[in-house]
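Quick note, the sequence shown lines up with residues -17 to 168 if you use our numbering.
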Amino acid sequence: MQALDLLLNRVSVGRLLDPAPDAAQREVLFRAALRAPDHGQLRPWRFLTVEGEARVQLGELFASALLAGNPEAKPEALDKARGMPLRAPLLVVAIARLSEHPKVPQQEQLLSAACAAHGLLLAAQAQGFGAVWRTGELASDAHVLAGLGLAANERIVGFVYLGSFEGARRTPAPLAVADFVGSWPS
-17 MQALDLLLNR
-7 VSVGRLLDPA
3 PDAAQREVLF
13 RAALRAPDHG
23 QLRPWRFLTV
33 EGEARVQLGE
43 LFASALLAGN
53 PEAKPEALDK
63 ARGMPLRAPL
73 LVVAIARLSE
83 HPKVPQQEQL
93 LSAACAAHGL
103 LLAAQAQGFG
113 AVWRTGELAS
123 DAHVLAGLGL
133 AANERIVGFV
143 YLGSFEGARR
153 TPAPLAVADF
163 VGSWPS
């Protein structure tokens, strides 16, 4: 796939099926992620992969987080939380590792980790896979962060769902560049 075609036509794919990227394809995904802009070469990111039975365990973690925050949670909401990780055969938890640095603010480190997740998404599409980046309340839930073993200086930037997709990839609606770009001073 040509780079500009990839950039201009990237879309999220919400329904993902087996197969997920294999070991060699994952290596490419993560190598692409590691090329994110990185002021100070801090490498302010890390990733967790979740697949197979671990997706069920993650669903239980999500349900227990929901219940901890809302003891009155309805069974339907708990079932939805349990099912979230089952939307794809592979999830990658993209994590920002924030540190104190005299020249690189933590906000920039967080954005760098987000760029790494975006690189992973692009590399998935370039290899013919579908992907979708999700966050939601659970991405910042203390129960989920602890359950995934995150340190106090770490934040989830997203849950990247990966797999194969059915049918043709949808074509994104064109956006007018002029609606988003201006000059300064105006």
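Beta carbons: idealized from backbone N, C-alpha and C, even for Gly.
Alpha carbon of G118 to alpha carbon of R69, nearest angstrom: 15 Å
Rounded straight-line distance, which links the Cα of A47 to that of V139: 18 Å
The region 10 to 27 touching the region 92 to 106, judged by at least three CB pairs closer than 8 Å: yes
Strand pairing of T31, partner residues [DSSP]: V74
Within this structure, are the beta carbons of Q7 and Q107 separated by less than 7 Å? no
So what does DSSP say about G110, is it helix, strand or coil? coil
Straight-line gap, S122 to L92 (C-alpha atoms, nearest Å): 14 Å
Three-state secondary structure assigned by DSSP to E119: helix
Following the continuous beta strand (DSSP E) through L144, name the residue where it begins and the one where it ends. 136 to 145
Identify the residues that DSSP records as bridge partners of L(-1): which are they? S146
Just curious, the alpha helix (DSSP H) that P169 is in, first and last residue? Because residue 169 is not part of the residues shown, which for the chain are -17 to 168, the question remains open.
Between the alpha carbons of D0 and A63, how many angstroms are there, rounded? 21 Å
Among the residues of its own chain, which have a CB less than 7 Å from the CB of P19, if the five just before and after it don't count? S94, C97
Quick one: measure Cβ to Cβ for F44 and A76, integer angstroms, because I've assumed they're closer than 8 Å. That pair is no contact at about 17 Å.
DSSP three-state assignment for R13, whether helix, strand or coil: helix
Please identify the residue among L144, G34, G51, R(-3) whose C-alpha is closest to the C-alpha of V126. G51
Verify whether the separation of the beta carbon atoms of P3 and L40 is less than 7 Å. no
Please state whether DSSP places R(-8) in a helix, a strand or coil. coil
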